[in-house]
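Structure first, then comments.
2 protein chains.
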Amino acid sequence: MSAGDQGVTRRRLLGGLAATGATVATGAAAMPRSAVKSWDMRTGVLVIGSGAAGVSAAIEARRAGSNVMLIESLSQFGGSSAMSGGVVYAGGGTALQKALNVQDSVEQMYRFLTLAGTLHPPLEKIQLYCEGSAEHFDWLVEQGIPYTEKLTLAKGLPMGDESLYFSGTEQAWPARDLAQPAPRGHVPGVPGMNGGRRLMEALLSQAAALGVTMHSGVGAHHLVVENDGRVVGVIVTIAGERRAIAAQRGVVLACGGFIHNREMMRLYAPQLYECSVPWGNAGDLGEGINMGIAVGAAALRMNEGFAIVPIYPPESALSGIIVNASGQRFIPEDSYHGVLGDAIAYHQKGRAWLITDRDSSYAFHQDNFLPVAEASTIGDIAALLEFPKGALQQTVAYYNLHAANGEDPMFHKSGAYLRPLQGPPYKAWDLSTTQAFFPAHTFGGLHTSVDGEVLSSFGEVIPGLYAAGRNTAGIPTAPYIASGLSLGDCTFFGRRAGRAAAARGGMSG
Amino acid sequence: MSAGDQGVTRRRLLGGLAATGATVATGAAAMPRSAVKSWDMRTGVLVIGSGAAGVSAAIEARRAGSNVMLIESLSQFGGSSAMSGGVVYAGGGTALQKALNVQDSVEQMYRFLTLAGTLHPPLEKIQLYCEGSAEHFDWLVEQGIPYTEKLTLAKGLPMGDESLYFSGTEQAWPARDLAQPAPRGHVPGVPGMNGGRRLMEALLSQAAALGVTMHSGVGAHHLVVENDGRVVGVIVTIAGERRAIAAQRGVVLACGGFIHNREMMRLYAPQLYECSVPWGNAGDLGEGINMGIAVGAAALRMNEGFAIVPIYPPESALSGIIVNASGQRFIPEDSYHGVLGDAIAYHQKGRAWLITDRDSSYAFHQDNFLPVAEASTIGDIAALLEFPKGALQQTVAYYNLHAANGEDPMFHKSGAYLRPLQGPPYKAWDLSTTQAFFPAHTFGGLHTSVDGEVLSSFGEVIPGLYAAGRNTAGIPTAPYIASGLSLGDCTFFGRRAGRAAAARGGMSG
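Keeping their order, the protein sequence lines are chains A and B. Per the numbering used here, the first sequence starts with residue 1242, numbered consecutively. Per the numbering used here, the second sequence starts with residue 1242, numbered consecutively.
Structural data, given as structure tokens:
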């Protein structure tokens, strides 16, 4: 069963459940408090979702003295965070940066995050995030996440046990002219792609030790709303039975994005819909976002997400050139995967090719991208790909002319990767959204304050409702300029949402 | 006072009003029916907004036998439609096309609308729109809108009294290879930019003659919602007094986009925010969209809109070339204004220049775009604009080489405008979003069925609530491929929304 089919099945299930509601006309509407005859369970703060955002919220709400219940719709805890590399983007002088003599400052981190990415980024969130980043890293360490005092300068997620690296586009043009680059990717010091699992193990252990009540296999369907708009609980299903849970202080929506809800993808994020690999845990069906919208929340940047093309490692590939359907270069090849993917998916109609020569070609069988042309001359490559006549040849001639002088006047590729294309066999690797390994994940979500309060279309707080992580429109925007911004946002603002919910005066259920 | 300031002032006013509500915690929340002690007025269908969408809805609801009240927040009726050129995109063999021996078919119109624009367009709406287009044009004629049996093949809105022209990008590449081009811009046969006013005069006269009750100066603030989710009325202000209007059959939201709400623009549509000329009537503050969101409606394509750069007339300018900040061409210069504007605003970081030669230069003082460089060689132009060295020279050499043979291998500019750049003075005209005359208007809005029923985040109907025009996500998407699609969508789906609302069983207020 595909993820899309699962979405359909879940909706039918919801429809069936809704039909049993006494006075609710539609399956998706918020549930009026008056329709809930009695509560089956009560808690102080109810967290929906067990990824990094939800568990961080639960830990902090519990530490602030509230009873906390956390529910997860799937059988396993951890969400998409556990599938990820486990990178948290942190800087401004974290303990790990200091231990490794890495120079960084809050100001340079802020400059990078506000200048190198989207138009009109969320400045207030970014400022808090940068100012609190060193403390936030200490907190992650306190939760038991293991970091090693090892730095790597290689591009790409460390596959060894290094815990600090350049996880983004800091060193590529134009970012490097906008802010002083520093390595800010903080990753658990475990080999392979296991950082996310390790990070979630630590957070989940903490939550359990603190006494957070955790239930898996519990799907949330409707928020329960008082006549005055306050969110006071949630309708869930437990083992097929419908139950009402009262949340006396607040509900925290933290159940991820909507990459596996194909209908939402088509409607909200057509460019991401095209990408070959919907990337995320099977629970990323948009239910939390939709429950928020159903009670009047605004949702922002719903078209945005990451779309990444992992052309490195090996870094040798970066001595090739990337061209669009007109045979023109359009980006420095050493841009971070997320910046390159954004350029292709959103701005080049989903089509691009990496042209390699003898020494930049992938040395191994490269399953991520297929070689769609191979020839002994650039002209033959151009003919095979049916580029406009003479266009690729002109692009290569211009590139080679300047690369021979160590220059890239158009896109300022870093010197480490800059040299003329120097001999056959030439190959073209298909970087198109539909053909390449092109993972995508959504960034659109509910409009929230810096404390995770969910905001209405008029910018006003919806009392009792909080959200974090990919249920919200947070710091990650398109283009995605660095790995670790999503998990960083999840943990940093998850904590704030948990604290804010716990601090809210309780009310009778 | 700027449009943005007006938005702020209106919000404060709303906040004040809301504070007087007995049990409503937030100013923007939907108003519970239980908080409305009595209705001040009652109607069958209440239409909010007096542009083409609202008035078309009102006419059809009235014709279907319902009482209809239409309210307008400003002092004058007509909305942004009255400011527009009055173009309705229609085809598939309209009476006017037939009278002028224009060949067209529903299929070719559908191909153009589904293939030449956005990814994943709203197919069901487009199909109905194309199939019903000839009938819809007859309806416009019946309302008294004057059309002349005159066709012009000149590009750009006719300034004479011609009523049919190519209003979009049908003849430019790649559209002309995707669908057989036909002139489909139907515009009232009045000289100058008066088509929109003339169209609205006719529709407003019809509505009045049919007995639609119309009130100007009446702002709508909250939808009134029953406990089961049905929309049953609206809270408005009339002469500073708060009033409750019951709508026994339905409320039709038709009060335009949000181009003048700067906060919404920043949050939802950062690329459009950059454009120099927010284009729309002062009432385009997003209130209708926000009222819909407040009752749980989904809003789609909120980042999208038109962003247009009217580089023609004169068509002679199209023999120049348009380049990006890398000195590369990226589009056929004879693309429709909306297609060019989209490419610049969304895909070239807001920056582009038109390079003209002796014969393509604007002959008159051109207030829309400033010449930012003038020189006797292309190299000097490139130096003045600080393009990457040699890049513009290479672009021009390639273009000239092929143009001399009547070819444009990269972008297939139409032969009528294709010739080598042939001599100084060369000029560069700034087409940047912030510097050029760059009007923008929003396309994002509420998710609706083909009958204007407003849909929740789960795709379910919100009973009693309808929407049309730029309160909805309709046929116009980014890129905007033809003038008249917005007004066409407003009138076509406005009619359907009005009929659907009138047909709905009434209920006690």
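Glycine included, every Cβ here is placed at the ideal spot set by N, Cα and C. For clarity, every value in this text was computed on a predicted model and none was experimentally measured.
Going by the beta-carbon positions, is the gap between residue i and residue j smaller than 9 Å?
i: GLY1498 of chain A; j: HIS1682 of chain A; result: yes
i: ALA1485 of chain B; j: VAL1347 of chain B; result: no
i: ALA1738 of chain B; j: GLY1693 of chain B; result: yes
i: SER1297 of chain B; j: ALA1709 of chain B; result: yes
i: VAL1751 of chain A; j: LEU1445 of chain A; result: Given a span of 1242 to 1750 for chain A in the structure shown, any question on residue 1751 of chain A remains unanswerable.
i: LEU1494 of chain A; j: ASN1544 of chain A; result: no
i: GLY1319 of chain A; j: GLY1437 of chain A; result: yes
i: GLU1442 of chain A; j: ALA1723 of chain A; result: no
i: PRO1661 of chain B; j: ALA1616 of chain B; result: no
i: ARG1542 of chain B; j: ALA1741 of chain B; result: no
i: SER1727 of chain A; j: GLY1715 of chain A; result: yes
Tell me, please, which residues DSSP counts as bridged to residue i.
i: THR1359 of chain A; result: Paired residues: none, contrary to the question.
i: MET1282 of chain B; result: B:ILE1486
i: ILE1703 of chain B; result: Answer is none; ILE1703 of chain B lacks a bridge partner.
i: THR1389 of chain B; result: Note: THR1389 of chain B sits in no beta bridge, so no partner.
i: GLY1460 of chain A; result: A:THR1478
i: THR1454 of chain B; result: B:MET1310
i: LEU1696 of chain B; result: B:VAL1702
i: VAL1564 of chain B; result: B:ARG1570, B:TRP1594
i: ASP1608 of chain B; result: DSSP, once it has assigned bridges, lists no residue as partnering ASP1608 of chain B.
i: PHE1547 of chain B; result: B:HIS1682
i: MET1272 of chain B; result: B:VAL1465
i: GLY1656 of chain B; result: Its beta-bridge partners do not exist; DSSP assigns none.
i: HIS1427 of chain A; result: A:VAL1329, A:LEU1405
i: PRO1519 of chain A; result: A:ALA1681
How close, in whole Å, do the beta carbons of residue i and residue j come, if the pair is a contact with beta carbons under 8 Å?
i: ARG1570 of chain A; j: PHE1652 of chain A; result: 6 Å
i: GLY1397 of chain B; j: TYR1509 of chain B; result: 30 Å between Cβ atoms; not a contact.
i: GLN1635 of chain A; j: GLY1620 of chain A; result: GLN1635 of chain A to GLY1620 of chain A, Cβ: 11 Å. No contact.
i: PHE1733 of chain A; j: TYR1370 of chain A; result: 6 Å
i: ALA1539 of chain B; j: LEU1696 of chain B; result: 6 Å
i: LEU1341 of chain A; j: THR1355 of chain A; result: With a Cβ gap of about 25 Å, LEU1341 of chain A and THR1355 of chain A do not count as contacting.
i: ALA1184 of chain B; j: ALA1669 of chain B; result: Shown here, chain B extends from 1242 to 1750; a query on residue 1184 of chain B therefore has no answer.
Would a check of beta-carbon distances place residue i closer than 9 Å to chain B?
i: MET1651 of chain A; result: yes
i: LEU1541 of chain A; result: yes
i: LEU1633 of chain A; result: no
i: GLU1301 of chain A; result: no
i: ALA1538 of chain A; result: yes
i: GLY1568 of chain A; result: yes
i: GLU1504 of chain A; result: yes
i: ALA1266 of chain A; result: Reliability of the predicted coordinates at ALA1266 of chain A is poor, the pLDDT of 32 falling under 50, and the value obtained from them is presented with this limitation in mind. Taking Cβ atoms only, chain B reaches closer than 9 Å to ALA1266 of chain A, which makes this a yes.
i: PRO1519 of chain A; result: no
i: LEU1405 of chain A; result: no
Keeping to the same chain, check which residues put their C-beta closer than 7 Å to that of residue i; ignore five residues upstream and five downstream.
i: ALA1744 of chain B; result: ALA1305
i: GLU1574 of chain B; result: LEU1559, GLY1561, ILE1562, ILE1563, LYS1654, TYR1658
i: ILE1476 of chain A; result: MET1272, HIS1462, HIS1463, VAL1465, ARG1483, ALA1485
i: ALA1768 of chain A; result: This structure does not reach residue 1768 of chain A, given that chain A is present from 1242 up to 1750, and the question cannot be answered.
i: SER1673 of chain A; result: GLY1591, ARG1592, ALA1593
i: GLU1358 of chain A; result: First, the amino acid is wrong: residue 1358 of chain A is Gly here, not Glu. Correct list, in chain order: THR1718, PRO1720, ILE1722.
Can you confirm whether residue i, when its beta carbon is compared against all beta carbons of chain A, has any partner nearer than 9 Å?
i: LEU1360 of chain B; result: yes
i: SER1275 of chain B; result: yes
i: PHE1699 of chain B; result: yes
i: TYR1639 of chain B; result: yes
i: ALA1260 of chain B; result: Below a pLDDT of 50, predicted positions are generally treated as unreliable, and ALA1260 of chain B, at 28, falls in that range; no measurement from the model is reported.
i: PHE1571 of chain B; result: yes
i: ASP1469 of chain B; result: yes
i: LYS1654 of chain B; result: no
Residues in its own chain within less than 6 Å of residue i by CB, not counting five upstream and five downstream?
i: THR1713 of chain B; result: GLY1686, LEU1687, THR1689
i: ASN1565 of chain A; result: PHE1571, GLN1589, ALA1593
i: PHE1407 of chain A; result: PRO1424
i: ALA1263 of chain A; result: Confidence at ALA1263 of chain A is low in this model, with a pLDDT of 26, below 50, so the placement of that residue should be treated as unreliable; the coordinate-derived value is given next. So the qualifying residues of the chain are ALA1276.
i: THR1267 of chain B; result: Bear in mind that a pLDDT of 36 at THR1267 of chain B, under 50, signals an unreliable position, so the model cannot answer this.
If I measure Cβ to Cβ from residue i and keep anything under 8 Å in the same chain, skipping five residues before and after, which residues do I get?
i: VAL1265 of chain A; result: Any reading at VAL1265 of chain A is ruled out, since the residue's pLDDT is 30, under 50, leaving its predicted position unreliable.
So, does the CB of residue i fall closer than 9 Å to a CB anywhere in chain C?
i: GLU1348 of chain A; result: Annotation note: the requested chain C is absent from the structure, which comprises protein chains A and B.
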